[in-house]
Amino acid sequence: MAVQWLLVCHGLVTLLVVVSFLCGNWPIFQGTFVQRIHFFLAFGAYDYFRRVIDFVFGARGTGALASVEYFCCDRPNPILQILYLGIIGGTYYIIVKSSFSYIPGYYLSEIHRYTSLLAVAVGIILFLLTSFSDPGTVNIENVSQYLSAYPYDNIIFFEKDCSTCKIPRPARSKHCSVCKRCVARFDHHCGWMNNCIGEKNTRYFMAFLFWHFIICIYGVVAIVLLLAGRMKELQVIHILTVYYGIDNSFRGLAPHVAQWLLGSYNTQVLIMVFLAIVSLLLTGFFAYHAKLCITNTTTNETFKWQDYLSWQRKLKEAKASEEALKASLGELSLEKKVRESKCKAICRKSRLEEVEVIQNNIYDRGFVHNIYEIIYPLSSRRSFSHKKSKLR
Ligand SMILES: [Zn+2]
Ligand SMILES: [Zn+2]
Numbered sequence: 118m119a120v121q122w123l124l125v126c127h128g129l130v131t132l133l134v135v136v137s138f139l140c141g142n143w144p145i146f147q148g149t150f151v152q153r154i155h156f157f158l159a160f161g162a163y164d165y166f167r168r169v170i171d172f173v174f175g176a177r178g179t180g181a182l183a184s185v186e187y188f189c190c191d192r193p194n195p196i197l198q199i200l201y202l203g204i205i206g207g208t209y210y211i212i213v214k215s216s217f218s219y220i221p222g223y224y225l226s227e228i229h230r231y232t233s234l235l236a237v238a239v240g241i242i243l244f245l246l247t248s249f250s251d252p253g254t255v256n257i258e259n260v261s262q263y264l265s266a267y268p269y270d271n272i273i274f275f276e277k278d279c280s281t282c283k284i285p286r287p288a289r290s291k292h293c294s295v296c297k298r299c300v301a302r303f304d305h306h307c308g309w310m311n312n313c314i315g316e317k318n319t320r321y322f323m324a325f326l327f328w329h330f331i332i333c334i335y336g337v338v339a340i341v342l343l344l345a346g347r348m349k350e351l352q353v354i355h356i357l358t359v360y361y362g363i364d365n366s367f368r369g370l371a372p373h374v375a376q377w378l379l380g381s382y383n384t385q386v387l388i389m390v391f392l393a394i395v396s397l398l399l400t401g402f403f404a405y406h407a408k409l410c411i412t413n414t415t416t417n418e419t420f421k422w423q424d425y426l427s428w429q430r431k432l433k434e435a436k437a438s439e440e441a442l443k444a445s446l447g448e449l450s451l452e453k454k455v456r457e458s459k460c461k462a463i464c465r466k467s468r469l470e471e472v473e474v475i476q477n478n479i480y481d482r483g484f485v486h487n488i489y490e491i492i493y494p495l496s497s498r499r500s501f502s503h504k505k506s507k508l509r
């Protein structure tokens, strides 16, 4: 039974590490040990590693490490693309090697040998489309059209030139420091795709996330059906109840069935757990980006709005404090009224604090229009090329 418990512990630790690393900075984990693990994995561990390199190899070692860091984080590179292909290819290879001999099975028909390959192939095609498609590069030829397509809201986007590309920077665009270009409706630079996610390829990125979620769920369901089929074919329940005298109830059979599965089909169980974890992560990631698409916002704009709203709140708080101070000072001579004025000031302040700063997103044109804009980007439409220059 020790091996089984080891496998369960391995699964739980893997889940904790993956969730902490990818989602540890989400608001729901604030102040928890998941957030602490995230900071250790994201920053602390690397900091310790750098110190060890410095201690062992001195300045030459840290210099070499800085070069590697620059190549991996600040320059376009295919490391994560190769890792993605390794993960999807490796997982499919393990599934073929460990499970295809049981297909067709009691609950799985032969068609799943081909549909699984098709599912993986579509996933890789979507990956290639997102990785190698133009995210919406802004250049001297199309900048005037982008300037007309996305007006400045003068809240988070103002008329400005890109100091690197030497062209006006359209609203919603951003200069990507990794790709060294301005990208329209910039969402983020995706290391896995080695490409920016922008106006033109958000649709492929969303399709990629959704399709990989479907593949993971398909994998989990197929493995469950495969294992259930093996149990049926080998008459496991019958043997346990008749030959071993195990009580024919869920409570009685579950530990023995689990032991049999972990002993005989541990590869399939591990793959199933892995796919379930990845599908959970993809659900969160897809839901976050779907919400952005529905409200016609980007990840980049989310950060800008956060900064703007917190600045507005601070401004309101400062004004409220100033008013409260003025009221207190003005009425200080009238001792009788002091308490009353303080109460009024406090009430006034709390009322001002309660006024919520509103996020006025002028690019949000309603659910249908927003989704249509993702599927059929503005720059792909005929009207885009007819837009006239508004260059300053
Ligand atoms: Zn630029
Ligand atoms: Zn980029």
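At position 140 of the sequence shown the residue is numbered 257 (the working numbering), and the sequence of numbers has no breaks. Glycine residues also receive a C-beta, built at the ideal position from the N, C-alpha and C atoms.
Put simply, the backbone Cα of residue 394 is about 21 Å away from that of residue 234. Leaving aside the five residues that flank residue 422 on each side, the residues in its chain whose CB is nearer than 6 Å to its CB run, in chain order, 476. Selection around ligand 2 by beta-carbon proximity, strictly under 5 Å to any non-hydrogen atom, yields 293, 295, 296, 306, 313 in chain order. In the DSSP assignment, residue 291 falls within the unbroken beta strand (DSSP E) covering 291-293. Within the stretch 361-446, the complete alpha helix (DSSP H) runs of at least 4 residues fall at 367-381, 383-411.
Between the alpha carbons of residue 272 and residue 244 lies a gap of roughly 35 Å. Nearest neighbour of residue 354 by Cα position, chosen from 372, 151, 294, 266, turns out to be 372. Burial of residue 306 is indicated by the presence of at least 16 other C-beta atoms within 10 angstroms of its C-beta. With contacts defined by Cβ atoms closer than 8 Å, residue 343 and residue 219 form a contacting pair.
Per DSSP, the unbroken alpha helix (DSSP H) holding residue 170 starts and ends at 162-186. For residue 296, there is no enclosing alpha helix (DSSP H), as DSSP gives it neither H nor E.
The residue from 291, 282, 262 with its alpha-carbon nearest to that of residue 275 is 291. Counting every other CB atom within 10 Å of its CB across the protein chains shown gives residue 392 a total of 16 or more, marking it as buried.
Taking one beta carbon from each stretch, the stretch 407-419 and the stretch 476-491 have 3 or more pairs nearer than 8 Å; the two touch. Out of 123, 482, 140, 253, the CA that lies nearest to the CA of residue 286 is found in 253. Boundaries for residue 487: no beta strand (DSSP E) harbours it, while the alpha helix (DSSP H) harbouring it runs 484-492, taken from the DSSP string. Here residue 278 is bridged, per DSSP, to 285. For residue 255, DSSP records a beta bridge to 299. Residue 475 sits in coil when the DSSP states are folded into three classes, being neither helix nor strand.
If you draw a 10 Å sphere on the C-beta of residue 222, you find 16 or more other C-beta atoms in it, and that means buried. Contact between residue 266 and residue 495 is confirmed by a C-beta separation of about 5 Å, below the 8 Å threshold. The beta carbon of residue 487 is closer than 8 Å to those of 410, 411, 412, 413, 481 in its chain, skipping five residues each way along the sequence. Per DSSP, the continuous alpha helix (DSSP H) segment holding residue 333 begins and ends at 319-350.
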